[in-house]
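Take a look at the structure set out below.
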Amino acid sequence: MENNPAQYGIIYSDIARGFTQKTINGEDYFFKHPTQAEHFHVYSRYNFILDDARNRGLPTEDEKVRDAINNGWWTTERENRFLQLRDAIKNLKKTKDNLLLPSQKDQIQAQIDRNNFILVTFIKERNELVGYTAEKYSNERLYDETLLALTFKNREMTERVFSDPEEYYYLSDDSVEKVRNAFHDNSTLFAGDMIKYVAASTFFQNMLYVTNECDAFHFWGTPASKCTKYQIDLLISAKMYKSAIKAEGERGKSLPDEIMSDPVKFVSWYESRLLDINEGSSNSVSYNGSQTAVSSYVGATKDDLKKMGVKVQKIKGKSLLELAAESGGVLEKHQYLNARDGS
158 MENNPAQYGI IYSDIARGFT QKTINGEDYF FKHPTQAEHF HVYSRYNFIL
208 DDARNRGLPT EDEKVRDAIN NGWWTTEREN RFLQLRDAIK NLKKTKDNLL
258 LPSQKDQIQA QIDRNNFILV TFIKERNELV GYTAEKYSNE RLYDETLLAL
308 TFKNREMTER VFSDPEEYYY LSDDSVEKVR NAFHDNSTLF AGDMIKYVAA
358 STFFQNMLYV TNECDAFHFW GTPASKCTKY QIDLLISAKM YKSAIKAEGE
408 RGKSLPDEIM SDPVKFVSWY ESRLLDINEG SSNSVSYNGS QTAVSSYVGA
458 TKDDLKKMGV KVQKIKGKSL LELAAESGGV LEKHQYLNAR DGS
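Using my numbering, count along the sequence shown one by one with no gaps and you end on 500.
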């Protein structure tokens, strides 16, 4: 994803207000951002809805799959292949999240894309055979209940658009679809890493620096229990980033402007830093006033280092990466000192 300061500002504005305003067919809709309590309450409804669906006689996905296999419409081998592909993609995504080098992430993403291409063909055929299930009903019902609970006519959030659920369900398909799409687009906007990027933005970091108290009440003017989930997530992420920047400064290391000015690169740097810390590697060496796990960068391409903002010190014409590679991928501190001092 590319750096987009304008979008970060818009998202921050919505988070600060606690809602997102959308105009649909000339009417204004206000999608409330849920508090932590509201968020958990909404999703706690899923099991209740699922139990109700099963009591009404809707079969589960597992039951429909077994029926399809028993009737010869589907096979155990295809089901196992479907599950293997789904699990493989899930595991590859976890692997990608734990990688440091952009080139390595690209390789994993290529594998994910290949598996997804194959999985899509299985999903299409499987869905046609399985049809409507208790899980699908529950997901749709939960989505509708969430939309009904968080969609208002006014910015004060005192009047719901659909005070009577029946009104919502009896709207024309076109009207419902437009509201659902707008609500989905709004929810998607705050998913993934977007809030992290806003937290890492220069304007938001500056706000933290001029705020003596960084707790939720002093920052948002609202007790933590009344803050929206997005407000809490944004403030926590920003405070962690501020601490990381401070820690770098205390070690005499200032981050390059290209990292500080680009939230996407900053978040990548921060998560790479966490990976090094979590690995607890003692195989780190000090250069240019900072502690950097050299072994983490072995195999990095020049493009990787540029994207991560890493500047590699050279000793007698050799970079630390080259010295580490010659030592089997890890450069011990005494080896670094010997190379630097010419011993």
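Beta carbons: idealized from backbone N, C-alpha and C, even for Gly. Source: prediction; values computed, not measured.
CA nearest to the CA of residue i, picked from the options
i    : options                   : result
G183 : L346, R271, K310 and R243 : K310
K399 : K386, Q388, C384 and M417 : M417
Y427 : R408, S394, G409 and E407 : S394
F187 : V318, A373 and I402       : V318
H190 : T232, K250, D171 and H198 : D171
P322 : R283, L305, I168 and N228 : L305
N248 : S260, I269 and R238       : I269
R337 : A348, Y325 and F347       : Y325
M397 : Y366, E415, W377 and P380 : Y366
V333 : G406, T315, D301 and E195 : D301
E234 : E313, G406 and R283       : R283
S382 : F197, S320, R312 and P413 : F197
G288 : P216, C371 and G406       : P216
G229 : L346, G409, R312 and L286 : L286
K335 : N161, D185 and N212       : D185
I161 : D414, Y354, K410 and P413 : Checking the sequence shown, residue 161 turns out to be Asn, not Ile. With distances taken between Cα atoms, N161 lies closest to Y354.
A404 : P380, I389, R430 and D414 : R430
E195 : A173, T303 and Q261       : T303
Local Cβ density within 10 Å of residue i, reported as buried at 16 or more and exposed below that
i    : result
S358 : buried
G175 : buried
W231 : buried
S452 : With a pLDDT of only 47 at S452, under 50, the local geometry of the prediction cannot be trusted, and the value read off the model is given with reservation. Buried, since its Cβ has 16 or more Cβ neighbours within 10 Å.
A225 : buried
V424 : buried
K522 : What the structure shows of the chain is the stretch from 158 to 500, and residue 522 is not part of that stretch, so it cannot be assessed.
A163 : exposed
F239 : buried
A348 : exposed
S422 : The identity of residue 422 in the sequence shown is Lys, whereas the question assumes Ser. By the 10 Å Cβ count, K422 comes out buried.
Y327 : exposed
A210 : buried
S441 : Legend: pLDDT at S441 = 39, less than 50; position of this residue unreliable, no value from coordinates given.
F340 : buried
A356 : buried
8 angstroms Cβ cutoff met for residue i and residue j
i    : j    : result
K386 : Q241 : no
I352 : L307 : no
N343 : T177 : yes
E218 : T290 : yes
P420 : Y169 : no
C384 : A401 : no
F376 : T368 : yes
Worksheet item: Do the region 200 to 209 and the region 268 to 275 meet, that is, are 3 or more Cβ pairs less than 8 angstroms apart?
Response: Here the region 200 to 209 makes no contact with the region 268 to 275; the two share fewer than three CB pairs at distances below 8 angstroms.
Discussion item. Could you check whether the region 283 to 294 touches the region 205 to 213, counting it as contact only if at least three pairs of C-beta atoms, one from each stretch, sit closer than 8 angstroms?
Written reply: Yes, they touch.
Worksheet item: In chain order, which continuous runs of the alpha helix (DSSP H) of length 4 or greater are located wholly inside the region 200 to 225?
Response: For the region 200 to 225, the continuous alpha helix (DSSP H) assignments of 4+ residues that do not extend past its boundaries occur at 202 to 212, in sequence order.
Fill in: Three or more C-beta pairs below 8 angstroms linking the region 242 to 255 and the region 264 to 273
Verdict: yes, contact present.
Item to complete: Only counting runs of 4 or more residues, tell me where the alpha helix (DSSP H) segments fall wholly within the region 257 to 332, in order along the chain.
Response: Counting whole runs of 4 or more residues, the region 257 to 332 contains the alpha helix (DSSP H) stretches 259 to 287, 291 to 307 and 322 to 326.
Discussion item. Runs of 4 residues minimum, wholly inside the region 340 to 409: which ones carry the alpha helix (DSSP H) assignment?
Written reply: Runs of the alpha helix (DSSP H) inside the region 340 to 409: 351 to 357, 359 to 366, 373 to 377 and 386 to 407.
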